[in-house]
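Trainee:
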Amino acid sequence: MNLTEVIPLLIVLAVLLIAYDLSQKYLLYRLIQKARDQEEREALLAILTNRRR
């Protein structure tokens with residue numbers, strides 16, 4: 136398997152990862168937008184930031 140065979144696969148993988156990341160960010164943005172009040176938004180952000188650490 137030479138380099139010219141691997142490059143298209145790497146490009147497809149990169150596009151899939153970018154699409155996954157953007158869809159995840161969009162869903163989180165919508166979730167925060169639908170929060171009823173500031174306290175609920177802060178609670179959601181606290182949960183999300185605790186998971187990433």
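Heads up: the sequence shown runs through residues 136 to 188, numbered per the numbering used here.
Even for Gly, the Cβ is constructed at its ideal location relative to N, Cα and C.
Look at the Cβ atom of L157, then the Cβ atom of I167, and state whether they are nearer than 9 angstroms.
Mentor: Their beta carbons are not under 9 angstroms apart, which means L157 does not touch I167 by this criterion.
Trainee: Figure out for me which residue from L144, N137, L183 has the closest Cα to the Cα of Y164.
Mentor: Minimum Cα distance to Y164 is reached at L183.
Trainee: Could you spell out where the alpha helix (DSSP H) holding D156 opens and where it closes?
Mentor: Unbroken alpha helix (DSSP H) run through D156: 138-168.
Trainee: Under the three-state reduction of DSSP, which class applies to R171: helix, strand or coil?
Mentor: If DSSP states are grouped into helix, strand and coil, R171 belongs with coil.
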